[in-house]
Structure formats: structure tokens, C-alpha cells
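**Student:**
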Amino acid sequence: MTPTAIGQAGPRALRIAWADGHESLYEVRRLRVACGCAACVDEWSGENRLDDAAVPQDVRPLHIQPVGRYAIQIDWSDGHATGIYPFRRLRELCGCAACRADP
Ligand SMILES: [Zn+2]
Ligand SMILES: [Zn+2]
1 MTPTAIGQAG PRALRIAWAD GHESLYEVRR LRVACGCAAC VDEWSGENRL
51 DDAAVPQDVR PLHIQPVGRY AIQIDWSDGH ATGIYPFRRL RELCGCAACR
101 ADP
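Its first residue numbered 1, the sequence shown is counted upward by one per residue in our numbering.
1) Looking at C-beta atoms only, is the number of pairs between the stretch 63-71 and the stretch 40-52 that lie closer than 8 Å three or more?
2) For residue 63, write down the residues that DSSP places opposite it in a beta bridge.
3) Assign residue 14 to one of two classes, buried (16 or more other C-beta atoms within 10 Å of its C-beta) or exposed (fewer than that).
4) Mapping DSSP to helix, strand and coil, what is residue 92?
5) Threshold first: 3 residues or longer. Then list the beta strand (DSSP E) segments lying entirely within the stretch 5-38, N to C.
6) Considering only heavy atoms of ligand 2, list every residue whose Cβ is less than 6 Å from one of them, following chain order.
7) Smallest Cα separation from residue 30: which of 76, 97, 101?
8) Quick one: is residue 35 buried, meaning 16 or more other Cβ sit within 10 Å of its Cβ, or exposed?
9) Buried or exposed: residue 62, going by 16 or more other Cβ atoms within 10 Å of its Cβ?
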């Protein structure tokens with residue numbers, strides 16, 4: 001469950017190539033809305049604190065950096081920078097047809 005390459009695939013998309021040969025394409029705003037940090041999701045209840053409507057339609061990653069060997073951290077254009085995306089979660093968020101079909 002390790003990415004071999006992470007990069008922008010146009011202004012609205014992020015592409016991750018995985019060590020197992022899988023390739024994921026993400027609409028960037030969807031990743032922003034899926035942020036699992038303590039400011040966006042209540043740590044205790046798991047309740048979503050983030051108002052989806054408050055996330056700008058044109059939000060985009062300004063900077064992406066690795067966090068250890070297990071995650072990436074994304075600085076977003078809306079000023080949100082505490083979001084850490086573990087690789088496992090990113091793989092779960094993969095929107096390709098093969099992954100959606102996998103229960
Ligand atoms: Zn967040
Ligand atoms: Zn996939």
C-alpha cells in the first residue's frame with residue numbers, strides 16, 4: 001500500500017501510482033472534503049464537522065509533502081493545512097471503477 005508517484009494531473013486532479021501497479025485519480029475537491037483531521041471530523045464521535053458547502057469549488061493543493069512512510073500532508077488553497085492523508089485511506093478513496101466494485 002505504497003505510492004511510487006504522486007502528482008498533479010491537471011488543475012483539478014491528483015494522480016497516485018501505487019507499488020502494486022494500480023493508478024488512482026482523484027478530483028482534488030473530493031479529497032479536501034474527505035479530510036479526516038481533528039478540525040474536520042470529531043475525534044470522538046466521528047461526526048463530520050466540515051461543511052462541504054464551505055469548501056471553495058476551486059480549492060486545490062498548494063503543496064504536498066510526505067509524512068513519514070505512511071501518509072501525505074496537503075496544504076490547501078483555502079488555508080487548510082492540517083489534513084493528513086494516510087496511504088491506506090487514499091487507497092480507500094480511489095474512485096476508479098475497479099475499486100468501487102470491490103466491497
Ligand atoms: Zn481537515
Ligand atoms: Zn482504484
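Cβ atoms here follow ideal geometry from the backbone N, Cα and C, with glycine treated the same way.
**Tutor:** Taking the structure as given:
1) Touching, no.
2) For residue 63, which the question treats as bridged, DSSP gives the partners 75.
3) Residue 14 is classed as buried because its beta carbon has at least 16 other beta carbons within 10 Å across all chains shown.
4) Collapsing the DSSP output to three states places residue 92 in a helix.
5) Positions of the beta strand (DSSP E) runs, each at least 3 residues long and wholly inside the stretch 5-38, are given as 13-18, 23-27 in order along the chain.
6) Result: 22, 24, 94, 96, 98, 99.
7) The option with the nearest alpha carbon to residue 30 is 76.
8) Per the 10 Å Cβ criterion, buried.
9) By the 10 Å Cβ count, residue 62 comes out exposed.
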